[in-house]
Amino acid sequence: MILIKTLLKILFVLLIAFGLCSCSVAEPAATASSGQTNDGKMAPSFEVVDLQGKTHRLSDYAGQKVYMKFWASWCSICLAGMEELNTLAGEDTDFVVLSVVSPSSNAEKSSGSFANWFTGVENTSNIEVLLDEGGPVFEQYGIIGYPTSIYIGSDGVLAKRQQGHISNEQIKEAFKSIQ
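Here the sequence shown is numbered in the working numbering, starting from 805 and rising by one per residue.
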């Protein structure tokens with residue numbers, strides 16, 4: 805019985821360590837700037853609500869470029885980049901900026917707890933937060949760690965996926981080559 809408890813404790817610690825590493829490991833700039841492409845496949849459609857309860861669908865942004873940042877409230881790198889994301893979302897760019905969290909999935913708070921927590925986060929007034937309840941959009945987009953950036957062209961093609969923190973200048977530069 806003691807052996808089982810010890811093994812469970814070790815397994816728990818390893819799972820926590822793995823989760824923290826997937827959040828906190830940023831890719832080197834050369835790797836992060838190249839990103840992964842999707843071979844011209846269309847971005848998966850989705851329907852989610854924002855913090856105010858408004859429904860958002862990918863089709864709502866048809867004909868527009870879309871930048872989506874997947875993040876979590878427990879991810880220190882994600883939180884460190886919130887002010888920069890807020891700045892980007894407030895700028896006049898040729899793409900829409902959305903952020904996506906997955907309440908009740910991937911160790912994220914429940915929707916209600918997240919909404920309450922987010923009201924206390926500074927420098928977020930421009931950020932549109934979409935609630936991917938339970939994580940189906942997270943799964944569709946193949947997200948394996950936080951933060952992850954998704955770039956969708958105006959033609960609806962998932963053009964690029966990048967893990968790790970990406971600066972606003974890198975995001976803008978990436979969109980220059982995306983239709």
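In this text, a Cβ means the ideal position worked out from N, Cα and C, and glycines have one as well.
As the structure is a prediction and not an experimental result, all values here were calculated from the model.
Simplified DSSP assignment, three categories, for residue i
{"i": "S837", "result": "Because S837 sits at a pLDDT of 37, beneath the cut-off of 50, its placement in the model cannot be relied upon, and the point is left open."}
{"i": "I806", "result": "helix"}
{"i": "E943", "result": "helix"}
{"i": "D898", "result": "coil"}
{"i": "S903", "result": "strand"}
{"i": "E912", "result": "coil"}
Cβ pair residue i, residue j closer than 9 Å
{"i": "I975", "j": "L862", "result": "no"}
{"i": "G946", "j": "R965", "result": "yes"}
{"i": "F918", "j": "S877", "result": "yes"}
{"i": "A847", "j": "G949", "result": "no"}
{"i": "Q983", "j": "K869", "result": "yes"}
{"i": "S906", "j": "F942", "result": "yes"}
{"i": "G844", "j": "S958", "result": "no"}
Identity of the residue in the options nearest residue i by Cα
{"i": "G857", "options": "G938, G916 and Q966", "result": "G916"}
{"i": "E932", "options": "A978, A911 and V901", "result": "V901"}
{"i": "N930", "options": "D864, A884, G894 and P940", "result": "G894"}
{"i": "N910", "options": "L935, N920 and D896", "result": "L935"}
{"i": "A884", "options": "L962, N927 and E912", "result": "N927"}
{"i": "V925", "options": "E887, S958 and S908", "result": "E887"}
{"i": "L889", "options": "S908, S958, E973 and D864", "result": "E973"}
{"i": "A963", "options": "A978, I970, S971 and H969", "result": "A978"}
{"i": "L855", "options": "Y865, Q967 and N920", "result": "N920"}
{"i": "S908", "options": "P940, Q967, I806 and H969", "result": "P940"}
{"i": "S971", "options": "D898, V853, C882 and F922", "result": "C882"}
{"i": "V853", "options": "T897, V904 and G867", "result": "V904"}
For residue i: DSSP bridge partner residues
{"i": "I954", "result": "M872 and R965"}
{"i": "E888", "result": "Partner(s): none; E888 has no beta bridge."}
{"i": "Q851", "result": "Looking at the sequence shown, residue 851 is not Gln but Glu. E851 is bridged to R861."}
{"i": "V933", "result": "S903"}
Any non-hydrogen atom of the ligand ZN closer than 8 Å to residue i Cβ
{"i": "V961", "result": "Ligands are entirely absent from the displayed structure, and the ligand ZN is therefore not among its contents."}
CB contact check: residue i to chain D, cutoff 9 Å
{"i": "V904", "result": "In the structure shown, chain D cannot be found, because there is only a single protein chain."}
For the segment 870–879 and the segment 954–971, state whether three or more C-beta atom pairs, one from each stretch, are separated by less than 8 Å. yes
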